[in-house]
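Structure first, commentary second.
Protein chains: 2
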Amino acid sequence: MVKLKCTVTYDGTNFSGYQIQPNKRTVQGEIEAVLKKIHKGSEVKIVASGRTDAGVHAHEQVFHYTTNLTIPLANWKKALNSLLPDDIYIRKMEEVTEDFHARYHVKKKEYRYRLLVNTEKDVFRRNYTCHIPMALNKEAMEEAAKAFLGEHDFTSFCAANTPVVNKVRTIHKLSIIEDSNHEWVIQVIGSGFLYQMVRIIVGTLLDVGKGKLAPKDVADIIEKKDRSYASQTAPAQGLTMWKVTY
Amino acid sequence: MVKLKCTVTYDGTNFSGYQIQPNKRTVQGEIEAVLKKIHKGSEVKIVASGRTDAGVHAHEQVFHYTTNLTIPLANWKKALNSLLPDDIYIRKMEEVTEDFHARYHVKKKEYRYRLLVNTEKDVFRRNYTCHIPMALNKEAMEEAAKAFLGEHDFTSFCAANTPVVNKVRTIHKLSIIEDSNHEWVIQVIGSGFLYQMVRIIVGTLLDVGKGKLAPKDVADIIEKKDRSYASQTAPAQGLTMWKVTY
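Those protein sequence lines, which keep their order, are chains A and B.
Going by the UniProt record's numbering, the first sequence opens with residue 1, and the numbers climb by one from there.
Going by the UniProt record's numbering, the second sequence opens with residue 1, and the numbers climb by one from there.
This is the structure in structure tokens:
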């Protein structure tokens, strides 16, 4: 048996999320179907670094699986990519030791959230950005971003009714980069993220940018440990899982 | 009656082309359906600068229509955009004189064709670029491009069986711009273009870049006035109607 670590990119637009679900088109479902074909009908389960919701993209998501087939790594990549649909692409295959685990061994995760800050819409970026048709106060957002840095209980920034008990996470970096073409990229690097945490952080930063919240409100919202104090979850299509570090 | 000139952008991915067809999703069909709604059930016909094929995009396409409604221009734009699907967006509305014609009065058209020149695929650009997974000889392509400049009979670069009689067109500019992210943009500006002309020119330049044709072959192919001598039509999704000048 060989354990393989696989780095995959996908356009989340036409998927009902990463995780396999009956009668839905999912990233895991598509990959497992291809692996089943390669294994001549035997089921192969893949384990990813984490899920992504419907509409959320991945620049680099990581999963692992074990196989009894002895195929060179380069051929694995070719075989998978030739059978996968054109919105999933395997970037890299690596052989790993038996103890490697794509979820448990994550050291850091990076997400990027793209905003289109412009009065005009862009049809070509509708599936990859959140369109904000008004000016945003970037200085206020950057001030607010500081409050998220470090170790906190992020209960206020986690979808309600999430079964996870320990909601303490560490955010190493949270920066807002003004790009060309009216695009702002919110880059978040952390030890790990709770369900919808990045999108709720972005929703809250947006309310600061619009002047609905003051930068100093963020520390209070964190302190409350109650989802109802934070802002609305920002839409899925702006979010990309950027990089997973082990 | 008022005549309106309208600049529209669309993502061609999910359309069976610009031109209206029964039981197909087309750009013209969507726009005319919205205009019919605004005109309380009266049909309004729009006239565009030209068609685009299935999968071809528009950064700026232009059409005109006449209306008996007296709505301020800014409200026209709002009304249309609020009713149009999210892959069509009206950029600009202008009132024009009665003699304006979106097709007959075109002075210049610019198209851009995007290549992704990289061994790796990019799922996010699959609908907007033509993926070339090998190196291309840019100098040879630039040398070949020169042969297209000026006035020529472009019969060799027009889909066979096109009913147009006069196939003489003028190309003002044809340049290849190496962009960031492994992207090459082929920019073509001309007096007007025959059916699939840009895509056949690009297909031929690609064969030069791959070494299947020499730059000096292009003048001979033009001279033949026979479609069978030029290369394959490059795929639709790389092409964008960029700008129409009157």
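Glycine is no exception: its CB is placed at the ideal position from the N, C-alpha and C atoms.
Predicted, not measured: the structure shown is a model, and the values here were computed from it.
Asked	Found
Closest residue to residue 70(A) among 21(A), 2(A) and 103(A) (Cα-Cα distance)	2(A)
Closer than 7 Å at the beta carbon, the chain A residues around residue 11(B)	123 and 124
Closest by C-alpha distance to residue 105(B), when choosing among 96(B), 149(B) and 187(B)	96(B)
Segments of 3+ residues assigned as beta strand (DSSP E) that fall wholly inside the segment 132-199 of chain A	150-153, 168-178 and 183-190
Stretch pair the segment 108-123 of chain A + the segment 182-193 of chain A: three plus CB contacts closer than 8 Å	yes
Through-space distance from residue 24(B) to residue 240(B), alpha-carbon basis	21 Å
Cutoff 7 Å: residue 89(A) Cβ touching any chain B Cβ	yes
Residue closest to residue 171(A), alpha-carbon to alpha-carbon, out of 161(A), 145(A), 163(A) and 159(A)	145(A)
Spatial neighbours of residue 177(A) in its chain, beta-carbon cut-off 6 Å, leaving aside the 5 residues before and after	185
Limits of the beta strand (DSSP E) - the one that residue 61(B) falls within	57-67
Straight-line Cα distance separating residue 109(B) from residue 34(B)	27 Å
Residue 88(B) in three-state terms, based on DSSP	strand
For residue 229(B), three-class secondary structure by DSSP	helix
Per DSSP, cross-strand counterpart(s) of residue 5(A)	64(A) and 94(A)
Reduced DSSP category for residue 109(B) - H, G, I as helix; E, B as strand; rest coil	strand
Members of the segment 102-131 of chain B that neighbour chain A once the beta carbon cut-off is set at 8 Å	120, 121, 122, 123, 124, 126 and 128
Candidates 159(A), 160(A), 155(A) and 173(A), of which the one nearest residue 166(A) by Cα	155(A)
Coarse secondary structure for residue 48(B), derived from DSSP in three states	strand
Three-state secondary structure (DSSP) of residue 204(A)	helix
Short Cβ contact (7 Å threshold) for residue 129(A) with residue 238(A)	yes
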